Amino acid sequence: MQITFAEAEFTSKKKQTRRDRLLAVLESLVPWSVLESVIEPHYPKTDGKQGRPAMGLSRMLRMYILQQVMGFSDEGTEDAVYDSAAIQLFMGIDLGRDAVPDATTLLRFRRLLETHGLTQQIFAAVNYQLATKGLYLKEGTVVDATIIAAPPSTKNKSKSRDPEMRHTKKGKQYYFGMKAHIGVDAASGLVHTLVTTPANVHDVTQAHALLHGEEQQVYGDSGYLGAEKREENKDKDVERVIAMRHGQRRKLRDSETKKGRLTDKIEQLKSQIRAKVEHPFYWLKVHFGHRKVRYRGLAKNTAQLYSLFALANLFLSRRCMPLAG
Numbered sequence: 251m252q253i254t255f256a257e258a259e260f261t262s263k264k265k266q267t268r269r270d271r272l273l274a275v276l277e278s279l280v281p282w283s284v285l286e287s288v289i290e291p292h293y294p295k296t297d298g299k300q301g302r303p304a305m306g307l308s309r310m311l312r313m314y315i316l317q318q319v320m321g322f323s324d325e326g327t328e329d330a331v332y333d334s335a336a337i338q339l340f341m342g343i344d345l346g347r348d349a350v351p352d353a354t355t356l357l358r359f360r361r362l363l364e365t366h367g368l369t370q371q372i373f374a375a376v377n378y379q380l381a382t383k384g385l386y387l388k389e390g391t392v393v394d395a396t397i398i399a400a401p402p403s404t405k406n407k408s409k410s411r412d413p414e415m416r417h418t419k420k421g422k423q424y425y426f427g428m429k430a431h432i433g434v435d436a437a438s439g440l441v442h443t444l445v446t447t448p449a450n451v452h453d454v455t456q457a458h459a460l461l462h463g464e465e466q467q468v469y470g471d472s473g474y475l476g477a478e479k480r481e482e483n484k485d486k487d488v489e490r491v492i493a494m495r496h497g498q499r500r501k502l503r504d505s506e507t508k509k510g511r512l513t514d515k516i517e518q519l520k521s522q523i524r525a526k527v528e529h530p531f532y533w534l535k536v537h538f539g540h541r542k543v544r545y546r547g548l549a550k551n552t553a554q555l556y557s558l559f560a561l562a563n564l565f566l567s568r569r570c571m572p573l574a575g
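Sequential numbering from 251 applies to the sequence shown in this note's numbering.
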């Protein structure tokens, strides 16, 4: 196939930027054909305007994935396509002959995914692909939750805060927003379950919903103390390895008894296992920049979180390959 002048100029660059490397990793990590097969049955054949053919599914999926990884707005994603030769190459676009999907087209694509619950199916499809490579061992699950902030201001069109978001206090700090509760594989740190709630819902109330049913141990921080006493957990035959409260742990560190030092060592070992759950949150908030909700309502934000955690799993799977071997 004959390459364009722009492609030839791009491939001859002497320096490869971080964006170039990221797009190359995305190209190799994402199971594009699998995700397209999830969306294709629901994807329209025309754009609804005089029966014109719709923008290609492959191109729209790449634009959507790019938006999630980069943290761009709809307009920002459209601008990035025009501005970056690397993104044009990633999307298979030649500005001289191809139409660039605009912000409205990307908005309609995202609403299509939300309406049909396709981001949850994408999450499941990615996890199935990773499971076939032996990356889920299923003996243990680590549970945790993180707060995702929402705008508390009422200076908007509706003159109100998002009614599905709530205030909560963590330490001495108040937050307004939602919570993402996840269950991750204790061996690989890959997310297998996601539940979202308003921020004021206590972590322990969602402990039962984060299990896949095959684990033998469940690990959690002190926020999950007493989970085994709750009615919804009484029929679950699992060993719960829950951290003690910080005040008790502090007393152990100050203890000079052999029992105190041994108990503190056990708590350290628990912490090393529980640390796996922080890695998906790190990808979510640091790499993808998703520290605040982008939309109003739990449903839209939950749909986006399924996509983000699916992508986080793909990036995390790179370090898990020796485990699978």
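Positions of the beta carbon are idealized from the N, C-alpha and C atoms, including for glycine. None of these values were measured; they are calculated from a predicted model.
Buried or exposed by the 16-neighbour rule on C-beta atoms within 10 Å, applied to residue i
| i | result |
| --- | --- |
| ARG476 | The sequence given here places Gly at residue 476; Arg does not occur at that position. Per the 10 Å Cβ criterion, exposed. |
| THR267 | exposed |
| ASP435 | buried |
| GLU277 | exposed |
| ASP471 | buried |
| VAL536 | exposed |
| GLN317 | buried |
| TYR332 | exposed |
| GLY576 | Given that the chain is displayed from residue 251 to residue 575, the structure contains no residue 576 and the question cannot be resolved. |
| LYS508 | exposed |
| THR552 | buried |
| LEU368 | buried |
| GLN456 | buried |
| LEU519 | exposed |
| LEU566 | buried |
| ALA400 | buried |
| GLU290 | exposed |
| ILE579 | In the structure as shown, the chain begins at 251 and stops at 575. Residue 579 is therefore absent and cannot be evaluated. |
| GLU482 | exposed |
| GLN338 | buried |
| THR296 | exposed |
| ARG360 | buried |
| ALA525 | exposed |
| THR327 | buried |
| GLN252 | Residue placement at GLN252 is poorly supported in this model, since its pLDDT is 44, which falls under 50; the coordinates are not used for a value here. |
Beta-bridge partners of residue i, as assigned by DSSP
| i | result |
| --- | --- |
| LEU444 | ILE432 |
| PHE426 | HIS417 |
| GLN317 | According to DSSP, GLN317 bridges with nothing at all. |
| THR327 | Answer is none; THR327 lacks a bridge partner. |
| VAL488 | Paired residues: none, contrary to the question. |
| LYS468 | In the sequence as displayed, the identity of residue 468 is Val instead of Lys. BP columns for VAL468 point to THR391, ARG490. |
| LYS542 | ALA399 |
| PRO303 | THR296 |
Test item: CB-CB of residue i and residue j under 8 angstroms
| i | j | result |
| --- | --- | --- |
| VAL454 | TYR425 | no |
| ASP344 | ARG546 | no |
| ARG490 | ALA449 | no |
| LYS429 | THR443 | no |
| VAL543 | TYR469 | no |
| VAL231 | LEU564 | Since the first residue of the chain shown is 251 and the last is 575, residue 231 is not available in this structure. |
| HIS458 | LYS422 | no |
| PRO530 | GLY439 | yes |
| LEU512 | GLU414 | no |
| GLN379 | VAL284 | yes |
| GLU364 | LYS550 | yes |
| LYS404 | SER410 | The residue asked about is misnamed: residue 404 is Thr in this sequence, not Lys. Yes; because the gap between Cβ atoms is below 8 angstroms, this pair is in contact. |
Beta-carbon separation (whole angstroms), residue i vs residue j, contact threshold 8 angstroms
| i | j | result |
| --- | --- | --- |
| GLY384 | GLU465 | Between GLU465 and GLY384 the Cβ distance is about 17 angstroms, and since that is not below 8 angstroms, they are no contact. |
| LEU273 | PHE340 | 5 angstroms |
| ASP394 | VAL527 | 4 angstroms |
| LEU387 | ALA437 | 4 angstroms |
| TYR314 | LEU356 | 7 angstroms |
| VAL220 | ALA304 | Given that the chain is displayed from residue 251 to residue 575, the structure contains no residue 220 and the question cannot be resolved. |
| ILE397 | LYS420 | 7 angstroms |
| GLY433 | HIS452 | About 16 angstroms separates the two Cβ atoms, so there is no contact after all. |
| VAL275 | PHE538 | In fact, because the Cβ distance is near 14 angstroms, the residues do not count as touching under 8 angstroms. |
| GLN522 | VAL488 | So it is not a contact: roughly 20 angstroms between Cβ atoms. |
C-beta neighbour in chain D for residue i, strict 8 angstroms
| i | result |
| --- | --- |
| ILE337 | Protein chain content of the structure displayed is limited to a single chain, and chain D is not contained in it. |
Residue i: CB within 7 angstroms of a non-hydrogen atom of the ligand SAM
| i | result |
| --- | --- |
| ASN406 | Questions concerning the ligand SAM fall outside what the structure shown contains, since it holds no ligand whatsoever. |
Sufficient close CB pairs (3 or more, under 8 angstroms) joining the segment 335-351 to the segment 301-317: yes
Between the segment 551-571 and the segment 362-381, can you find at least three pairs of beta-carbon atoms closer than 8 angstroms? Contact between the segment 362-381 and the segment 551-571 is present, with at least three C-beta pairs closer than 8 angstroms.
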